[in-house]
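J.:
Numbering (my numbering), first residue to last: 3 to 76.
(1) Report the three-state DSSP secondary structure of residue 49 (helix, strand or coil).
(2) Enumerate in chain order the residues of its own chain whose CB-to-CB distance from residue 8 is below 6 Å, with the five nearest sequence positions on each side excluded.
(3) Does the Cβ of residue 70 have 16 or more other Cβ atoms within 10 Å, making it buried, or fewer, making it exposed?
(4) For the beta strand (DSSP E) that residue 5 lies in, which residues bound it at each end?
(5) Cα-Cα, which of 6, 25, 4 is closest to residue 57?
Here's what the structure looks like:
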């Protein structure tokens, strides 16, 4: 499986729960950037390594992360 995440950066509060939940260490806290509310937000640092497990989306308390999954083509 190949995965991709989309983060609603305007709603993200930078709680970092998704960073801890990601088994592939795909997500990081954006450095020196904040959203419209003044919070640092998360982003996919290594999107090619995302497996689409959805752990990040499940633990996000504000529902900021949408996970997409697709089969890898050989």
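The C-beta atom is built at its ideal place from N, Cα and C for all residues, glycine as well.
Source: prediction; values computed, not measured.
T.: In brief:
(1) Helix, per DSSP.
(2) 68
(3) exposed
(4) 4-9
(5) Distance check between residue 57 and each of 6, 25, 4 places 25 closest, using alpha-carbon atoms only.
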